[in-house]
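Asker: The following block contains the structure, expressed as structure tokens.
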């Protein structure tokens with residue numbers, strides 16, 4: 001039991017460390033300037049997720065995404081593809097002029113289109129404790145009793 005609690009504690013620590021590394025890498029990338037009226041919801045200018053009608057994780061996904069790209073080219077709709085999705089959803093994240101959104105929305109293969117947003121995480125409040133005992137995480141995981 002003690003070993004599993006210790007393993008759980010180590011897993012939590014590793015997860016927070018990995019999240020911190022990803023956050024640091026993400027902060028170093030340059031992003032388009034945000035456009036928003038809400039301070040907690042930042043819009044990424046001219047970036048959208050387009051969901052297509054074929055069911056995800058099927059053979060039709062690749063073909064439909066290729067057809068979607070081809071149709072955009074035929075209609076002279078310029079875009080920069082950011083990411084394509086095929087397992088959880090059938091869709092493509094792209095950057096295009098906001099004037100093209102209605103044209104894309106009206107394509108028969110398009111199920112839905114969403115503007116991209118980023119959420120600002122809530123401010124983390126520092127814990128205040130006058131307790132001189134071992135940290136709470138040590139007591140909860142049993143590490144304090146191992147030594």
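In the working numbering, the protein residues as written are 1 to 147.
In this text, a Cβ means the ideal position worked out from N, Cα and C, and glycines have one as well.
Going by DSSP, what residue range makes up the alpha helix (DSSP H) through residue 101?
Answerer: Counting along the chain, the alpha helix (DSSP H) containing residue 101 begins and ends at 101-105.
Asker: Using three-state DSSP, classify residue 98 as helix, strand or coil.
Answerer: The answer is helix: DSSP assigns residue 98 an H, G or I state.
Asker: Closest by CA to residue 46, which one among 143, 72, 79 and 108?
Answerer: Selected option, being the one with the closest Cα: 79.
Asker: Taking the beta strand (DSSP E) that residue 55 falls in, what are its first and last residues?
Answerer: That residue, residue 55, is in no beta strand (DSSP E); it is neither H nor E in DSSP.
Asker: Tell me whether residue 73 is buried or exposed, calling it buried when 16 or more other Cβ atoms sit within 10 Å of its Cβ.
Answerer: The residue in question, residue 73, is exposed, as its Cβ has fewer than 16 Cβ neighbours within 10 Å.
Asker: Which residues does DSSP pair with residue 91 in a beta bridge?
Answerer: Looking at the DSSP assignment, residue 91 forms a beta bridge with 51 and 85.
Asker: Do you know offhand how far residue 137's Cα is from residue 146's?
Answerer: The straight-line gap from Cα to Cα measures roughly 13 Å.
Asker: Residue 116 to residue 56, Cα distance in whole Å?
Answerer: Distance between the alpha carbons of residue 116 and residue 56 is about 20 Å.
Asker: Going by Cα to Cα distance, which pick from 54, 143, 142 and 76 is closest to residue 92?
Answerer: Nearest C-alpha to residue 92: 54.
Asker: Excluding the 5 residues flanking residue 86 on each side, which residues of the same chain have their C-beta closer than 8 Å to its C-beta?
Answerer: 56, 57, 61, 62 and 65.
Asker: Tell me which residues share the same chain as residue 107 and place their Cβ nearer than 8 Å to its Cβ, disregarding the 5 neighbours each side in the sequence.
Answerer: These residues qualify, in order along the chain: 68 and 71.
Asker: Per DSSP, which one or two residues make a beta bridge with residue 112?
Answerer: Partner(s): 51.
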